[in-house]
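Report on the structure given below.
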Amino acid sequence: MNGRTWVRHATVCLAMAGLASCGTHEAPKRDEGVTGALKAARSEVAAAGSARIEATSSTGTSLSSRSVGVLRWSGGLRGTLRVTTTGGSMASTTRLMGGSPSQSRFLPDAYYTRMTDKFAALSDGKHWIRYPYVSGADLSPAASLRLLLSSGNAREVGPETVRGVRATHYTGSAHGQRVDVWIDRGHLLVKRVQRADTASGAFSGTVHYGDYGARASVERPPARDTVDFKDVVNRKPAA
Numbered sequence: 042m043n044g045r046t047w048v049r050h051a052t053v054c055l056a057m058a059g060l061a062s063c064g065t066h067e068a069p070k071r072d073e074g075v076t077g078a079l080k081a082a083r084s085e086v087a088a089a090g091s092a093r094i095e096a097t098s099s100t101g102t103s104l105s106s107r108s109v110g111v112l113r114w115s116g117g118l119r120g121t122l123r124v125t126t127t128g129g130s131m132a133s134t135t136r137l138m139g140g141s142p143s144q145s146r147f148l149p150d151a152y153y154t155r156m157t158d159k160f161a162a163l164s165d166g167k168h169w170i171r172y173p174y175v176s177g178a179d180l181s182p183a184a185s186l187r188l189l190l191s192s193g194n195a196r197e198v199g200p201e202t203v204r205g206v207r208a209t210h211y212t213g214s215a216h217g218q219r220v221d222v223w224i225d226r227g228h229l230l231v232k233r234v235q236r237a238d239t240a241s242g243a244f245s246g247t248v249h250y251g252d253y254g255a256r257a258s259v260e261r262p263p264a265r266d267t268v269d270f271k272d273v274v275n276r277k278p279a280a
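Below, the structure written as structure tokens:
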């Protein structure tokens, strides 16, 4: 597999690390109690502004990863995640081209993924890939709650314990995804699981949230060491 093909199929999965959510339109709700709980959590999460996360994701049998770090969503997305490839048929190529652990930096305009010297040798010596956000994308925890609210079929599963924290489990399906969230007694999201079928296989992403209000730090990669994702994908191989 050449470098451009790997970038197209793997780096987005690594950088996003199961964080992405889709869907922003709310539909009529059937259970006002569930709706109220999800809306309260959405408000509390938005107000908290930041959190420490631990995310795991897998796409079919091709790639799985684990990401840890702090993200801030108040005033624009910012933060740094440490990303480790944990398995899959593309793991060896991912480690060679993207490194493991690697690093993803989130800034309001785009997110950036640090690549290896092997990748830089194929990309004019540049180590960072810049990925502009999809229009309307929301990577905050509140996005998962909005997606669940939009389902119109959200329901309460019941009380459960998540890493020693008492929480209530809610579930629903929307836009081709199944969404499960766990909300603690302070109306904060402590866990989220999303599953969907994709062209690359079944996707599953799990995120644990904690230490709300934690400080997120990030530094913009040097422009001279950065290449846009579209330029990597569109670059013609050397003759």
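To convert, note that position 211 of the sequence shown is 252 in the numbering used here; the numbers rise steadily by one, no gaps.
Where is the CB? At the ideal position from N, CA and C, for every residue including glycine.
With 16 other Cβ atoms within 10 Å as the buried cut-off, status of proline 200 = Looking at its Cβ environment, which holds fewer than 16 other Cβ atoms inside 10 Å, proline 200 is exposed.
Would you check if the distance between the CB atom of serine 143 and the CB atom of arginine 155 is smaller than 9 Å?
-> Cβ atoms of serine 143 and arginine 155: closer than 9 Å.
Go ahead and pull the three-state DSSP assignment for valine 75.
-> Three-state result, valine 75: helix.
Cβ-based neighbour list, lysine 232, same chain, cut-off 6 Å, excluding 5 preceding and 5 following = Correct list, in chain order: Val203, Trp223, His249.
Can you check DSSP and say which residues form a bridge with phenylalanine 147?
-> Its beta-bridge partners are Gly120, Tyr152.
For histidine 168, the residue or residues it bridges with in DSSP | DSSP lists no partner for histidine 168.
C-beta atoms of leucine 180 and threonine 135 nearer than 9 Å = Cβ atoms of leucine 180 and threonine 135: not closer than 9 Å.
Are the Cβ atoms of arginine 83 and glycine 120 separated by less than 9 Å?
-> No.
Cutoff 6 Å; reference threonine 126; Cβ partners in own chain excluding five residues on either side = Closer than 6 Å at Cβ, skipping near neighbours: Ser106, Ala132, Thr135, Arg136, Ser141.
Within this structure, are the beta carbons of valine 220 and threonine 212 separated by less than 9 Å?
-> With contacts defined by Cβ atoms closer than 9 Å, valine 220 and threonine 212 form a contacting pair.
Sort out for me which residues DSSP pairs arginine 261 with in a bridge.
-> In the DSSP assignment, arginine 261 forms no beta bridge with any residue.
So is alanine 78 buried or exposed if we call it buried at 16+ other beta carbons inside 10 Å?
-> Looking at its Cβ environment, which holds 16 or more other Cβ atoms inside 10 Å, alanine 78 is buried.
Cutoff 8 Å; reference glycine 254; Cβ partners in own chain excluding five residues on either side = These residues qualify, in order along the chain: Ala89, Gly90, Ser91, Ala92.
Return the bridge partner residues of proline 200 from the DSSP annotation.
-> DSSP lists Thr209 as the bridge partner or partners of proline 200.
Roughly how many angstroms lie between the CA atoms of glycine 242 and histidine 216, to the nearest whole one?
-> Roughly 17 Å between the two C-alpha positions.
On the three-pair Cβ rule with 8 Å, is the region 182 to 193 touching the region 156 to 173?
-> No: fewer than three Cβ pairs fall under 8 Å.
Taking all protein chains shown into account, do 16 or more other C-beta atoms lie within 10 angstroms of the C-beta of glutamate 85, making it buried, or fewer, making it exposed?
-> Answer is buried; the Cβ neighbour count reaches 16.
Spatially closest choice to valine 234 from Arg226, Val274, Gly74, Leu189, by CA coordinates | The candidate whose alpha carbon is nearest that of valine 234 is Leu189.
Can the beta-carbon of serine 108 be found closer than 9 Å to that of serine 99?
-> Cβ atoms of serine 108 and serine 99: not closer than 9 Å.
Whole angstroms is fine: what's the gap from lysine 80's alpha carbon to glycine 74's?
-> Approximately 10 Å, taken between the alpha carbons.
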